[in-house]
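Before any comments, here is the structure.
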Amino acid sequence: MVLSSVSGFVCWMYLFPNWFTPRGQPVCERLGGTTDMAAEQTVLNSDRGQPPARPRSLSAPPHRNRSRASAATAGRSCPALARRGRAGGKRGVAGSRDARQAARGRHAGHGGKKAREAGGARRARLHPPGHGAAGAGGGGLGPRGAAPTRYGATRLDPPRASSPHPLTGGVSPAEAAAVEPAPFRHGLIPGFLAGAAFAEALRDELLGLGFRRRRNDLLSLRQSEELGGRSEPHVAALRHALCEEFRPWLSAVTQIELEPTIDISCAKYEYTDVLLCHDDELEGRRIAFILYLVPPWEKRDGGMLDLYSTDEHFQPQQIVKSLVPSWNTLVFFEVSPVSFHQVSEVLSEEKCRLSVSGWFHGPSTVRPARYIEAPLPRSPHIPYDHEILYEWINLVYLDMDSQAQIQEEFEERSEILLKDFLKKEKYQLLCEALENKGIQWSSRGPANKRLYETAEEDSLPDILDKFLQFLRSEALFLLLSNFTGLKLHFLAPSDEDEDAGEGKATDTTGHSSPKPEQEEAGHHADSKPHQPDQPDSVPEAEDSKTQNGSSTPVCAGELRHWTHRHYTLVHDTQATEFALDLLFFCGCEDWDPEYGGFTSYIAKGEDEELLTVNPEDNCLALVYRDKETMKFVKYINHRSLARLNKHPNRTGFWDFSFVYYE
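According to the UniProt record's numbering, the sequence shown is numbered sequentially starting from 1.
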């Protein structure tokens with residue numbers, strides 16, 4: 001045990017030998033860390049029930065083969081496609097990964113120093129007496145009480161004699177911190193604040209602050225402003241104690257030199273709020289902390305701090321430990337490449353999970369190269385003629401005039417929803433087959449990128465296997481070309497054809513027979529080549545290149561099952577290339593957007609949601625996106641279980657998710 005006395009703060013703590021690691025030990029074997037504090041993130045419009053404003057458009061397809069039509073486009077004004085954002089603006093959104101990470105301030109913490117500078121990230125710099133803070137011009141803070149620098153730096157004065165002192169009396173040996181090594185090193189200090197009166201007064205001050213609602217792919221919660229400049233006596237006293245009294249002890253325990261600066265804010269998690277899997281990494285973050293000020297809390301209330309194990313690629317595997325919040329308990333971690341954690345969804349409708357959280361900063365450490373996983377395999381179309389279209393599709397969508405109208409609408413908006421896309425009898429057969437207990441579903445992760453179930457194709461009933469073949473068929477490639485104006489088939493008109501005055505949609509009923517590969521290569525020489533430096537380039541796509549350097553249209557897709565706790569996240573290694581997304585939904589009766597499960601499109605580095613696609617039965621959604629557009633599926637929350645009252649055997653919905661590349 002070590003006796004530490006700083007400014008009247010006496011704290012007895014056990015120092016565990018296994019906390020220390022050799023200086024040369026691999027990063028993944030050293031300490032991990034976490035916080036459930038929410039940094040600056042993309043704030044998405046949560047009022048999804050309101051009629052959306054006309055946004056600036058997604059990227060327009062490069063091939064604009066328009067056909068004149070007088071009737072309304074099939075699929076126009078479909079409520080399942082809700083467009084958001086401001087009108088006008090350029091095609092696509094420029095922005096680097098670093099700038100996006102800084103602007104979003106993700107807990108995953110990617111981007112490092114450049115991200116924080118590019119995005120103007122701000123943190124309160126809490127300096128003890130006698131320490132200056134370098135501002136933008138290199139000057140420190142002036143005399144006590146001087147105005148903050150433009151970086152938001154404020155001098156932390158010690159509390160006045162009359163101010164409350166939160167840590168007086170310290171922590172008894174019986175309440176000493178328990179430091180544990182797995183799944184990454186973390187410490188737990190019950191009874192962190194001395195006396196119930198101070199903790200209760202602090203809670204009351206925090207609840208009196210202004211909180212703003214924040215929702216995006218990663219989180220849903222209410223967060224206060226930075227507490228670095230707050231003058232409330234108990235908030236200021238806590239801030240001072242953390243920086244001046246707790247920090248030296250923490251630095252001694254962890255053998256990490258910690259700067260006299262901290263990030264600190266307050267968060268409220270209420271029913272269905274969540275913070276999904278992330279590692280907190282951002283340059284300079286070394287130790288994360290969370291102080292819980294919650295009512296009596298149980299596991300069934302949710303809101304637990306879940307800790308993940310990691311694999312050889314430093315990717316999260318599974319939850320191996322869950323910490324239940326407890327009144328006046330502080331948890332701390334070291335931030336590292338393996339410090340993956342989440343705040344599980346709050347399931348209590350009555351309780352509020354209140355916490356003060358943040359990071360201590362110190363020298364940056366060397367991080368391993370970011371792992372880039374293999375994407376879904378891509379393949380060219382399967383040779384099927386037009387008869388397969390008549391077998392599956394509602395005949396209204398095979399009418400040439402309808403296709404021309406759809407294309408005109410799509411070229412204007414870069415998205416469209418086609419209702420009642422399949423014949424009713426075929427759709428019913430699909431839904432019945434999806435209920436088959438013989439289908440093998442596997443969980444697809446890792447949790448810092450996604451969590452849902454995907455079907456093993458060799459276990460699918462015949463009708464589902466045939467539908468997947470339909471989605472990969474040559475005939476559908478040509479039909480999608482007619483719907484969108486994209487060159488997904490060698491018979492689809494090119495830009496040169498349009499310039500020559502050929503604006504009519506290609507006839508899908510008589511010219512879709514397979515051609516020899518040499519002839520096919522000569523017809524799509526102007527289609528967009530794949531970029532070999534893209535992170536999701538794969539051998540299948542590269543092998544499709546013809547000898548003259550152009551590429552064959554390809555697709556990749558899967559059958560997915562969505563239910564409570566499923567989601568996808570925006571991440572650095574997400575594909576960034578021009579593509580056509582296809583979503584076809586099944587089993588969505590009475591699905592409410594409040595449940596989540598909708599697909600959102602956002603621009604890199606912006607707080608703007610471009611488009612929301614809500615699940616809707618027997619509907620085909622088509623969305624064309626550019627290199628600066630990202631997408632995610634919103635976390636499906638606990639409210640979705642209410643749907644079981646109407647559909648006892650339906651625990652979610654399914655979609656066929658495909659991406660087509662020119």
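Just so it is clear, CB atoms sit at the ideal spot from N, CA and C, and this is done for glycine as well.
Which class does residue i belong to by DSSP, given the choice of helix, strand or coil?
i           : result
Val366      : coil
Val43       : With a pLDDT of only 34 at Val43, under the threshold of 50, the placement of this residue in the model should not be trusted; the figure read from the coordinates follows. Coil.
Leu429      : helix
Glu232      : coil
Leu439      : The sequence shown places Ile at residue 439, not Leu. Of the three classes helix, strand and coil, the one that applies to Ile439 here is coil, per DSSP.
Ile264      : strand
Thr568      : strand
Gln574      : coil
Pro52       : Low confidence applies here, because Pro52 scores a pLDDT of 38, under 50, leaving its location unreliable; read the following figure in that light. Three-state result, Pro52: coil.
Lys424      : helix
Ala492      : coil
Lys321      : strand
Asp581      : strand
Leu258      : coil
residue 710 : The question about residue 710 has no answer here: the residues shown for the chain are numbered 1 through 662.
Pro593      : helix
What does DSSP give as the partner residue(s) for residue i in the beta ladder?
i      : result
Pro316 : Thr310
Trp654 : His561, Cys586
Arg450 : Thr568
Ala178 : Leu188
Glu457 : Answer is none; Glu457 lacks a bridge partner.
Phe211 : Ser224
Val659 : Ala556, Asp581
Leu305 : Leu323, Val343
Arg444 : Tyr452
Leu282 : In the DSSP output, where bridge partners are listed per residue, Leu282 has none listed.
Tyr269 : Arg353
With a CB to CB cut of under 6 angstroms and the five nearest residues on each side skipped, what residues in its chain are close to residue i?
i      : result
Pro295 : Lys351
Ile256 : Arg286, Gly362
Arg68  : Low local confidence applies: a pLDDT of 33 at Arg68 is under 50, so the model's placement there is unreliable, with the coordinate-based value given in what follows. Here the set comprises nothing.
Leu258 : Arg247, Ser251, Phe360, Gly362
Thr568 : Arg450, Phe632, Val633
Ala621 : Leu417, Leu583, Val613
Glu373 : none
Phe658 : Leu471, Cys555, Gly557, Leu582
Gly596 : Lys634, Tyr635, Ile636, Asn637
Glu232 : Glu205
Asp273 : Ser220, Leu221, Val346
What are the boundary residues of the beta strand (DSSP E) that residue i is part of?
i           : result
Leu354      : 353-361
Glu415      : 415-418
Glu334      : 329-334
residue 671 : Examination of residue 671 is not possible in this model, given that the chain is present from 1 through 662 alone.
Val343      : 341-343
Start and end of the alpha helix (DSSP H) containing residue i?
i           : result
Ile287      : Not the alpha helix (DSSP H): Ile287 falls in the beta strand (DSSP E), residues 285-292.
Leu480      : 474-484
Ser251      : 247-254
Leu227      : Segment: none, Leu227 is in no alpha helix (DSSP H) and carries neither H nor E.
residue 670 : What is shown of the chain runs 1 to 662, which leaves residue 670 out entirely.
Phe470      : 462-471
Excluding five sequence neighbours on each side, which residues of the same chain lie with their C-beta closer than 7 angstroms to the C-beta of residue i?
i           : result
Cys619      : Ala80, Leu417, Leu418, Lys419, Phe421, Phe585
Lys437      : none
Asp311      : Gln317
Glu456      : Gln440, Ser442
Glu180      : His186
Tyr271      : Val346, Ser348, Glu349
Gly302      : Ser344, Glu345, Val346, Leu347, Ser348
residue 665 : Missing from the structure shown is residue 665; the chain here goes from 1 to 662 and no further.
Grab me the residues of residue i's own chain with a C-beta within less than 8 angstroms of its C-beta, minus the 5 sequence neighbours each way, in chain order.
i      : result
Leu293 : Ala199, Leu202, Arg203, Leu206, Trp327, Asn328, Leu354, Ser355, Val356
Lys321 : Ala182, Pro183, Asp306, Leu307
Ser265 : Met37, Ala38, Gln223, Ser224, Glu225, Glu226, Leu227, Val356, Ser357, Gly358
Phe477 : His381, Leu488, His489, Pro553, Cys555, Tyr660
Check whether the Cβ of residue i lies closer than 8 angstroms to any heavy atom of the ligand MN, and answer yes or no.
i      : result
Pro325 : For the structure depicted, the ligand MN is absent and the ligand set is empty, with no information on it obtainable.
Original post:
Which runs of the alpha helix (DSSP H) fall wholly inside the region 375-401 and span at least 4 residues, in chain order?
Top reply: 387-392
Subject >> Runs of alpha helix (DSSP H) wholly within the region 596-649 (minimum 4 residues, chain order) >> reply: none
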